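Asks: Numbering (the numbering used here), first residue to last: 17 to 114.
Please see the structure below; I have some questions.
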């Protein structure tokens, strides 16, 4: 399969080590000396519609990519808990809607 960098933008990235959906490819890093793609970048999630910044970007090395499919990219990425949803504190309605 031959793909363009712009085609990568439409692909969802899934971590095969824990099944987590990391997001979509937003950017790529290229080594200008060797003209090779070094990594893919997934921008961090925006906080409050981006008004309060965003989370850290996820940079996945090209060596960590396992499979590039038609719609998804499977990666073996050790995120060290940086992307895992955090447990929220008590909410207004408590456990009413569990």
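Backbone N, C-alpha and C fix where the C-beta goes; we use that ideal spot for every residue, glycine too.
Being a predicted model, the structure only gives us computed values, none of them experimental.
Tell me the residue span of the alpha helix (DSSP H) that contains residue 22.
Replies: As a first step, residue 22 is located in the chain shown; it is residue number 6 there, counting from the start. First-last of the alpha helix (DSSP H) with residue 22: 21-24.
Asks: Please name the residue or residues paired with residue 45 in a DSSP beta bridge.
Replies: Numbered from 1 along the chain shown, position 29 holds the residue referred to as residue 45. Partner(s): 55.
Asks: Straight-line CA distance for residue 61 to residue 81?
Replies: Here the question's residue 61 lines up with position 45 in the chain shown. Here the question's residue 81 lines up with position 65 in the chain shown. Taking the straight line from one Cα to the other gives about 21 Å.
Asks: In the DSSP assignment, what residue or residues form a beta bridge with residue 50?
Replies: In the chain shown, residue 50 corresponds to position 34, counting from 1. Answer by DSSP bridge pairing: none, since residue 50 is not bridged.
Asks: With a CB to CB cut of under 7 Å and the five nearest residues on each side skipped, what residues in its chain are close to residue 35?
Replies: Taking the chain shown and counting its residues from 1, the one referred to as residue 35 is at position 19. None.
Asks: Rounded to whole angstroms, what's the CA-CA distance from residue 41 to residue 57? Just pull it up for me.
Replies: Residue numbering aside, residue 41 sits at position 25 when the chain shown is read from its first letter. Residue numbering aside, residue 57 sits at position 41 when the chain shown is read from its first letter. About 6 Å.
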